[in-house]
Amino acid sequence: MTMNSERILVTGADGFIGSHLTEALVREGHQVRAFVFYNSFHQWGWLDDVSPEIRDEIEVYSGDIRDYQTVREAMRGMETVYHLAALISIPYSYQAPESYLDTNVKGTFQALQAAREHSVSRFIHTSTSEVYGTAQFVPIHERHPLHPQSPYAASKSGADQIALSYFHTYQLPVTIVRPFNTYGPRQSARAVIPAIITQIASGSGNIRLGDLTPTRDFNYIKDTVSGFIAAGQSKQTIGETVNIGSNFEISVGDTAKLIAEVMNAQIEIKQDPQRIRPSSSEVHRLWADNSKLKQLTGWVPAYGEIEGLKRGLAETAEWFTNPANLQRYKQGLYQI
Numbered sequence: 015m016t017m018n019s020e021r022i023l024v025t026g027a028d029g030f031i032g033s034h035l036t037e038a039l040v041r042e043g044h045q046v047r048a049f050v051f052y053n054s055f056h057q058w059g060w061l062d063d064v065s066p067e068i069r070d071e072i073e074v075y076s077g078d079i080r081d082y083q084t085v086r087e088a089m090r091g092m093e094t095v096y097h098l099a100a101l102i103s104i105p106y107s108y109q110a111p112e113s114y115l116d117t118n119v120k121g122t123f124q125a126l127q128a129a130r131e132h133s134v135s136r137f138i139h140t141s142t143s144e145v146y147g148t149a150q151f152v153p154i155h156e157r158h159p160l161h162p163q164s165p166y167a168a169s170k171s172g173a174d175q176i177a178l179s180y181f182h183t184y185q186l187p188v189t190i191v192r193p194f195n196t197y198g199p200r201q202s203a204r205a206v207i208p209a210i211i212t213q214i215a216s217g218s219g220n221i222r223l224g225d226l227t228p229t230r231d232f233n234y235i236k237d238t239v240s241g242f243i244a245a246g247q248s249k250q251t252i253g254e255t256v257n258i259g260s261n262f263e264i265s266v267g268d269t270a271k272l273i274a275e276v277m278n279a280q281i282e283i284k285q286d287p288q289r290i291r292p293s294s295s296e297v298h299r300l301w302a303d304n305s306k307l308k309q310l311t312g313w314v315p316a317y318g319e320i321e322g323l324k325r326g327l328a329e330t331a332e333w334f335t336n337p338a339n340l341q342r343y344k345q346g347l348y349q350i
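Each position in the sequence shown, counted from 1, maps to that position plus 14 in this note's numbering.
Written as C-alpha cells, this is what we have:
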C-alpha cells in the first residue's frame, strides 16, 4: 500500500472504461471498491477478465445505481468516488429513452446524494463529448455550447448539470471529466473501432459501417484512464469541467483504412442502413481542445496524433484478434 493510498469507489466498474480505471487505481496502491450492476449470475462484467492478482485486491459491491440504499452503502467509508455507471449506447437510447433518464440522471442524483451524506473528499463525474453535439467551432473547449442530439446525450447533459449544482449548492467537491471517443480492449463491438476490427478479425473483407464522413477525436483507453486519475488527484479541477481528448481529428472512413493498414488487411466498406443515426441526431464533427486538463494537471496523452493512434489501434487489434477474446463477441450481429 502506498503512502497516498485512498479508499476509492468506482461505479460502473464492470464496464469498459470502469474496469480499466479500477485496474489502474489498484496498481497505484489504492483500496478500491467496485460498484457493479447486480445480476443473479454473480458476474462482474469485465472485472471477471482482469488478472487474478488485481481482482483479488478489489472489493466488489453488487447493486443498482438507481437505488439509493445500495449506493449509500457502497459509498460508506469512501474518500473518492469515480462515477461511471451509465447507459451509453446511442442507438439504444432512441428505443428506450426513459431508461437513460432513469439510469443516467436519477442514478447520478443518487450517487451525489450519497456522496453528500458521506462527505466524500472528491466526486469525479463522467460526462461525454456527445453533449457538445456537432462542433460549432474546433477544437472544442469546455465553454463550447451544449447541444445534445440524442436521448443519451441529453441524459448525460442533465446529469452534468445536476453534478455541478451539487458543487455550487452544497460545496460537494465535484469534477466533471468529459472524455471524447475512447477505444481499446474490452470495448463493445457496437462502437466503430471494435466493429471494424472484429469484422476483419473474423475474416470478412466486406466491412459494414454507417456514415463514413463524421470525424472523431479517438482516445486510447490508457490515455482516458490517466486523464481520469489526473483530474481526480488535482485540487485545481474541483468545480471544473475538463475534456479528455487527443486534440487529433480523423474521419470514420479514414479510421477504417488505418485499421486495415495496421491489420494488413484488404477491405471494402459497405454502408449498412441500420448503423446510420437519424440525420439530425448524427454528430458530424468532434475534435477536443485538451489544453485545460494539461494546464490544471500536467496530463498529456501518450497516444496522440496519427502515430499514437496507430499504436493504440495496433494494441487494440492485438487484443481483439486473440481467439479467446474474439469469441466473446457475436460475429455478424449488429448489437445496438
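We put the beta carbon where it would ideally sit given N, CA and C, even for glycine. None of these values were measured; they are calculated from a predicted model.
Residues bridged to residue i by DSSP?
i       : result
Gly-77  : Phe-51
Pro-193 : Ile-258
Ile-154 : Ala-302
Val-188 : Phe-137
Thr-365 : Look at the range of the chain in this structure, 15 to 350, and you will see that residue 365 is not part of it.
Lys-46  : The sequence shown places Val at residue 46, not Lys. According to DSSP, Val-46 bridges with Ile-22.
Ser-202 : Answer is none; Ser-202 lacks a bridge partner.
Gly-265 : Note on residue identity: the sequence assigns Ser, not Gly, to residue 265. Looking at the DSSP assignment, Ser-265 forms a beta bridge with Thr-229.
Can you tell me where the beta strand (DSSP E) holding residue i begins and where it ends?
i       : result
Phe-137 : 136 to 140
Leu-98  : No beta strand (DSSP E) contains Leu-98, which DSSP labels as neither H nor E.
Leu-23  : 21 to 25
Span of the alpha helix (DSSP H) holding residue i?
i       : result
Tyr-132 : Reading the sequence as shown, one finds His at residue 132 and not Tyr. Where His-132 is concerned, the enclosing alpha helix (DSSP H) stretches over 121 to 132.
Pro-162 : No alpha helix (DSSP H) holds Pro-162; DSSP gives it neither H nor E.
Ile-31  : 30 to 41
Ile-281 : Segment: none, Ile-281 is in no alpha helix (DSSP H) and carries neither H nor E.
Thr-148 : From DSSP, Thr-148 is part of no alpha helix (DSSP H); its letter is neither H nor E.
Gly-312 : First-last for Gly-312: undefined, no H or E at that position.
Gly-59  : Taken as a continuous stretch (DSSP letters only), Gly-59 belongs to no alpha helix (DSSP H), as it is neither H nor E.
Thr-84  : 82 to 89
Glu-321 : 319 to 334
Arg-69  : 66 to 69
Glu-296 : Here Glu-296 belongs to no alpha helix (DSSP H), and DSSP marks it neither H nor E.
Ile-391 : Only positions 15 to 350 of the chain appear in this structure, which leaves residue 391 out of reach.
Could you tell me whether the Cβ atoms of residue i and residue j are closer together than 9 Å?
i       : j       : result
Leu-310 : Ser-265 : no
Ile-22  : Val-95  : yes
Ala-88  : Arg-47  : yes
Arg-289 : Tyr-348 : yes
Phe-334 : Thr-212 : yes
Ile-258 : Thr-229 : no
Tyr-146 : His-132 : no
Thr-330 : Pro-208 : yes
Gln-163 : Ser-294 : yes
Val-297 : Thr-84  : no
Gly-224 : Asp-286 : yes
Arg-200 : Ser-33  : yes
Inset, instruction - Inspect the CB distances between the stretch 241 to 254 and the stretch 185 to 205 and report whether three or more fall short of 8 Å. - result: Between the stretch 241 to 254 and the stretch 185 to 205 there are three or more inter-stretch CB-CB distances shorter than 8 Å, so the stretches are counted as touching.
Inset, instruction - Tell me, please, whether the stretch 174 to 184 touches the stretch 312 to 320 by the rule of three or more beta-carbon pairs shorter than 8 Å. - result: Touching, no, given that fewer than three Cβ pairs across the two stretches are closer than 8 Å.
Inset, instruction - Ignoring anything shorter than 4 residues or poking outside the stretch 214 to 261, list the alpha helix (DSSP H) runs there in chain order. - result: Within the stretch 214 to 261, the complete alpha helix (DSSP H) runs of at least 4 residues are 235 to 247.
Inset, instruction - Specify whether the stretch 60 to 73 and the stretch 111 to 127 touch according to this definition: at least 3 beta carbon pairs, one from each stretch, less than 8 Å apart. - result: Because the criterion of three Cβ pairs below 8 Å is not met, the stretch 60 to 73 and the stretch 111 to 127 do not touch.
Legend entry - Inter-stretch contact at 8 Å, needing at least 3 Cβ pairs: the stretch 100 to 107 / the stretch 50 to 66: Cβ pair count under 8 Å is below three, so no.
Inset, instruction - Would you be able to state if there are at least three C-beta pairs under 8 Å between the stretch 155 to 175 and the stretch 317 to 337? - result: The stretch 317 to 337 makes no contact with the stretch 155 to 175: fewer than 3 CB pairs, one atom from each, lie closer than 8 Å.
Inset, instruction - Count the CB pairs spanning the stretch 240 to 249 and the stretch 30 to 42 that are closer than 8 Å, and state whether there are at least three. - result: A contact exists between the stretch 240 to 249 and the stretch 30 to 42.
Inset, instruction - Spell out a yes or no on whether the stretch 145 to 153 and the stretch 297 to 308 are touching, meaning 3 or more CB-CB pairs, one atom from each, closer than 8 Å. - result: Yes, the stretch 145 to 153 is in contact with the stretch 297 to 308.
Inset, instruction - Evaluate the contact criterion for the stretch 120 to 140 versus the stretch 75 to 85: three or more CB pairs, one atom per stretch, below 8 Å. - result: With a cut-off of 8 Å, the stretch 75 to 85 and the stretch 120 to 140 count as touching, because enough Cβ pairs lie within range.
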